[in-house]
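All the letters of the sequence shown, read from the start, carry residue numbers 224 to 714 under the numbering used here. Note that the Cβ used here is the ideal one computed from N, Cα and C, for glycine as well. All of these numbers come straight from a predicted model, not from anything done at the bench. This report refers to the structure that appears directly beneath it.
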Amino acid sequence: MRAWIAVALLGHGAGVAAQQPGIPPLALSSPVPAAEPTVARAAERTQPINLATALQLAGASPIDVQIAARQVELSAKAYDRAKLLWLPNISTGVDYFHHDGLQQNFAGDLVSSSRSSAMVGVGPNVVFGVTDAIYSPLAARQDVRARRAVLQAVTNDTAFQVADAYFTLQQARGELGGAAYATQQAEEVSRRAARLAEGLAPPLEATRAKVELARRRQAESTALERRAVASAELARLLRLDAGAVLEPAEPTFLPVTVIDAGATVDALIPVALTSRPELAGQQAVVQAALVRLKQEKIRPLVPSIALRSVSTNPSGSIGYGAFGGGHGDTVGNFRGRYDVDLQVMWEFQQLGFGNKIRAGERKVEYEVAILELFRTQDRVAAEVSTAHAQTRAAADRLALAEPALRDAVELVQKSLDGLGQTRRTGELVTLIVRPQEVVAAVQLLAQTNADFHAAVGDYNRAQFRLYRALGHPSGALPETVAPPAPTRPAN
224 MRAWIAVALL GHGAGVAAQQ PGIPPLALSS PVPAAEPTVA RAAERTQPIN LATALQLAGA
284 SPIDVQIAAR QVELSAKAYD RAKLLWLPNI STGVDYFHHD GLQQNFAGDL VSSSRSSAMV
344 GVGPNVVFGV TDAIYSPLAA RQDVRARRAV LQAVTNDTAF QVADAYFTLQ QARGELGGAA
404 YATQQAEEVS RRAARLAEGL APPLEATRAK VELARRRQAE STALERRAVA SAELARLLRL
464 DAGAVLEPAE PTFLPVTVID AGATVDALIP VALTSRPELA GQQAVVQAAL VRLKQEKIRP
524 LVPSIALRSV STNPSGSIGY GAFGGGHGDT VGNFRGRYDV DLQVMWEFQQ LGFGNKIRAG
584 ERKVEYEVAI LELFRTQDRV AAEVSTAHAQ TRAAADRLAL AEPALRDAVE LVQKSLDGLG
644 QTRRTGELVT LIVRPQEVVA AVQLLAQTNA DFHAAVGDYN RAQFRLYRAL GHPSGALPET
704 VAPPAPTRPA N
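Here it is in structure tokens:
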């Protein structure tokens, strides 16, 4: 009977089904019987959580996601500002001017005068390059696209980090449960070995069982520590109460399948190349670099425009309003005044050589952006291939570990049942099962339990690592990554 789980994946609502065909069907009960912890511990304050809730919190609470969201807002504000480059600034206010003493007239004569003037009004002022007004918004729009892609990439990475921490906590819980069960069995072995009749087993057998019991208790304490550490890490990522021990709702032994193992690498890589936000963001960076390259190439050919209000000093303040003045400190005779200066100028920076150098810089930036895009594509393909291989290998280990753990549990039970039973060979009475054999069975149980839950954890982490490598393509999954249909043999 297969185990199934459905998870709402981080804003996509994609269904996450149970295990893949390569994994043998798991029973709905744990391979290891439930056991109460035997190591003394302080009272714990627990907080329940499930995988769906953890993934939803991964898209909202983590600091990295919030920082990336604010950076998107900053780039959007810069885009809005770039769209307004051609609009003038409006200055409004009062200007007062007074002069006493010598002043040179147009003929070169020095004259003494005393005069005052005042003006109340407004003035439009703007200086911009036409190329900046045209191309800066285009480049800024690509910057916004790149930032949004970064936000999605950070969200995807954070979701994987949360899933990784969640399954690490599940693995630690499974190891703790198995360690507690192994400790209980070791206690039973030690108790029975100590009661064996003299002559059936030497005293060192009881000592061996006692030492193994101490080792099992140490292992249980270590497992308890790993669970606490894993819970604290998950709480940190989700910004939950670090003092509470998180208790996942799903069973520790349940494998979660997102991508079917039958999907080939050749089918998965194209999905990643069209879905990964890192590629979309780098493509936006390439487009922004191309826009800025075009801008520098035509900058010397397109003029800049300057509109300044010049009714008062300094230039670029008030241009229209009521102006009045008189001799000495007298200010009167106010009338309307309007003075603006409009300039259309072509600028050749450093005799044109500066423009050429700036265009060369933009060209290099564009080429670097293209190379970065190629490098990102190679990295994405490698991540998909690596995650796919890890998923397949973990599935193989899980297929072997689950029946091995069930056999180990059965081996311990049968060994305990046989411990103390004897058989007679002539005049010699011997034990059917010796204590050291039961001790070895308990050791196998502890190891196979650790192997099994490690395989489950590795499989689940590899599944989400592959899903992250594909870029969370919820809409593309059913059509593109389903296992290939079986081919009919040729007649």
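Reduced DSSP category for residue i - H, G, I as helix; E, B as strand; rest coil
i	result
Val587	helix
Arg268	coil
Asn328	coil
Asp619	helix
Ser314	strand
Pro347	strand
Gly694	coil
Val652	Caution is warranted here: a pLDDT of 49 is assigned to Val652, below 50, making its placement in the model unreliable, and the coordinate value is therefore given only provisionally. Strand.
Arg560	strand
Leu565	strand
Gly282	coil
Gly485	coil
Leu634	helix
Leu419	coil
Ala427	According to the sequence provided, residue 427 is Leu. The question's Ala does not apply to it. If DSSP states are grouped into helix, strand and coil, Leu427 belongs with the helices.
Leu594	helix
Leu642	strand
Among the options, nearest to residue i - alpha-carbon criterion
i	options	result
Ala495	Gln279, Ile286 and Leu693	Leu693
Asp674	Gln659, Gln686 and Ala618	Ala618
Pro523	Gly352, Ala291, Ser253 and Ile272	Gly352
Pro493	Gln289, Ala283, Val288 and Pro696	Pro696
Ala283	Ala341, Arg462 and Gly548	Arg462
Gly549	Thr381, Met342 and Ser454	Met342
Leu565	Asn556, Arg585 and Ser527	Ser527
Phe557	Ser340, Leu594 and Ala330	Ser340
Thr487	Tyr589, Val434, Ser608 and Ala455	Ser608
Tyr358	Ile482, Ser454 and Ala512	Ala512
Gly575	Asp332, Lys520, Val603 and Ala455	Lys520
Phe597	Phe571, Asn578, Asp630 and Gly504	Gly504
Pro426	Arg620, Gln659 and Leu333	Gln659
Val434	Ala455, Thr406, Ser534 and Pro474	Thr406
Val412	Thr430, Tyr319, Ala605 and Phe320	Thr430
Ser532	Asn348, Ala363, Asp601 and Lys637	Asn348
Asp552	Ala592, Asp489, His322 and Asp380	His322
Ser337	Phe320, Ala330 and Tyr404	Phe320
Lys586	Val334, Ala305, Glu470 and Gln510	Gln510
Thr497	Asp380, Ala604 and Leu333	Ala604
Thr475	Arg268, Phe687, Gly680 and Glu267	Gly680
Asp366	Ala592, Gln289, Thr315 and Leu628	Ala592
Arg602	Arg370, Gln289, Leu477 and Arg499	Arg499
Trp569	Val350, Leu469, Asp387 and Val563	Val350
Val514	Ala455, Ile541 and Glu590	Glu590
Beta-ladder partner(s) of residue i, from DSSP
i	result
Pro474	In the DSSP output, where bridge partners are listed per residue, Pro474 has none listed.
Ser339	His321 and Gly549
Leu469	Gln270
Thr609	Its beta-bridge partners do not exist; DSSP assigns none.
Val334	Gln326
Tyr543	Val345 and Tyr561
Gly352	Ser527
Leu574	For Leu574, which the question treats as bridged, DSSP gives no partner whatsoever.
Gly401	Answer is none; Gly401 lacks a bridge partner.
Gly680	Its beta-bridge partners do not exist; DSSP assigns none.
Beta-carbon proximity check, residue i vs residue j, cutoff 8 Å
i	j	result
Leu392	Arg459	no
Val661	Leu642	yes
Gly344	Ala529	no
Glu501	Thr378	no
Leu634	Leu667	yes
Phe383	Arg691	yes
Ala432	Ala442	no
Leu361	Val295	no
Ala669	Arg414	no
His611	Leu436	no
Ala409	Val632	no
Phe390	Asn672	no
Val255	Gly401	yes
Ala305	Ala363	yes
In the segment 492-541, which residue ranges form an unbroken alpha helix (DSSP H) of at least 4 residues, counting only runs that do not cross its ends?
-> Whole alpha helix (DSSP H) segments, 4+ residues: 500-521.
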